Amino acid sequence: MEDKLLRHTLADRVFHWAMAGAVLVLLGTGFLPILGLDFPWVTAHWISGLILTAAVLFHIVRALFFQDLKTMWISLEDLRNLIELTRWNLHLSPAIPGKPGKYSLAQKLIHHVMTLVVLLVVATGLLMLVKIDTPWWERNPYLLEESSWGFIYVVHDLTAMCLITLVMVHIYFSVRSEKLFFLRSMLLGWITRKEYLEHHDPRRWKISDKV
Ligand code: HEM
Ligand code: HEM
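Residues in the sequence shown are numbered consecutively from 6, following my numbering.
Here it is in structure tokens:
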């Protein structure tokens, strides 16, 4: 039997799917009514917004205190590899480009763009909660000036639209056949030793945990 190596712990997998579920419900309840499908969307929208907020807070605490930030940091070596890859593709250099650590440059970029977009959509969404009735308070549309609300709505709507594109690109790449082993690792946790050696530089990503 081939060794199974741990890529995503259970906590990270639960976070990813809770966050993904919340984002998909938010996009559905946010945009389907605009497309003409009329249903009472507000409650489902704000409740999944709160679930997304909790998931993101959980992840940030975990990333800052229990994981290694360098895993997701864009390093000089990533940029050097990108230059090598471009030169190799254009036949300017015969040198085979280096392999990534745990995450490729593309994954790190989409992580950072999604972080920015999700934090903005969550922050503006939380402010907008003041304007609806919840079990805890009654709506108060007068907390901020009209022009401030306008700004908050524009940021919320624009970042939500960016999310549609980002999520489409992300799902497209995760179901491509050569990336399916990443999808398995987000479901079951592990990749094989062969996949590890084929796709990663063991110097840049040291795995010790077997499943
Ligand atoms: C300041 C905010 C954030 C920081 C510092 C941060 C940091 C990190 C780090 C260091 C990792 C690598 C963990 C590892 O594999 O060892 C990671 C992974 C990940 N991040 Fe973030 N992140 C942030 C915000 C977000 C947000 C807003 C999202 C949601 C869109 C997100 C989604 C993910 C996912 C799905 C993974 C892969 C799962 C895993 O941890 O293995 N991150 N993040
Ligand atoms: C059905 C929907 C989704 C699928 C199939 C999916 C699939 C995956 C997979 C397979 C990974 C792990 C890649 C790895 O091991 O390196 C991953 C990571 C990640 N996912 Fe998702 N995901 C989905 C939805 C989402 C949503 C809605 C968001 C946020 C808005 C998101 C944000 C992330 C981030 C930031 C990472 C870490 C960076 C990366 O590895 O690309 N995912 N996702």
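Don't be surprised by glycine CBs; every beta carbon is placed ideally from N, CA and C. Computed from a prediction, not measured in an experiment: that's the story for all the values here.
Residue i Cβ short of 7 Å to ligand 2 heavy atom set
i: Ser-190; result: yes
i: Ala-60; result: no
i: Val-172; result: yes
i: Phe-187; result: yes
i: Leu-148; result: no
i: Ser-153; result: no
i: Ile-56; result: no
i: Val-28; result: yes
i: Leu-168; result: yes
i: Ser-182; result: no
i: Ile-115; result: yes
i: Val-135; result: no
Straight-line gap, residue i to residue j (C-alpha atoms, nearest Å)
i: Asn-86; j: Trp-142; result: 53 Å
i: Val-135; j: Val-126; result: 15 Å
i: Thr-139; j: Gly-35; result: 18 Å
i: Ile-88; j: Tyr-108; result: 17 Å
i: His-205; j: Leu-131; result: 39 Å
i: Lys-211; j: His-117; result: 23 Å
i: Phe-186; j: Asp-8; result: 14 Å
i: Ser-243; j: His-50; result: Since the displayed the chain opens at 6 and closes at 216, residue 243 lies outside it and no answer follows.
i: Thr-14; j: Asn-145; result: 42 Å
i: Val-47; j: Leu-32; result: 12 Å
i: Ile-101; j: His-21; result: 33 Å
i: Arg-198; j: Ala-128; result: 41 Å
i: Leu-202; j: Gly-54; result: 39 Å
i: Gly-155; j: Leu-40; result: 22 Å
i: Gly-194; j: Glu-200; result: 13 Å
Residues sharing a beta bridge with residue i, DSSP
i: Trp-195; result: Leu-11
i: Lys-215; result: Leu-10
Ligand 1 heavy atom lying under 7 Å from the CB of residue i
i: Met-24; result: yes
i: Ile-39; result: no
i: Asp-73; result: yes
i: Ile-65; result: yes
i: Met-77; result: yes
i: Leu-69; result: yes
Other residues of its chain near residue i: CB distance less than 7 Å, five sequence neighbours each side excluded
i: Ile-79; result: Leu-110 and Lys-113
i: Leu-149; result: none
i: Met-252; result: Outside the modelled stretch of the chain, which goes from 6 to 216, sits residue 252, for which no answer is possible.
i: Val-123; result: Val-61
6 Å Cβ shell around residue i - same chain, five flanking residues per side excluded
i: Ala-23; result: Ala-60
i: Thr-76; result: Lys-107
Flag this pair as touching only if the stretch 87–97 and the stretch 151–168 have three or more C-beta atom pairs under 8 Å; answer yes or no. no
Contact between the stretch 15–32 and the stretch 49–63 (3+ Cβ pairs under 8 Å): yes
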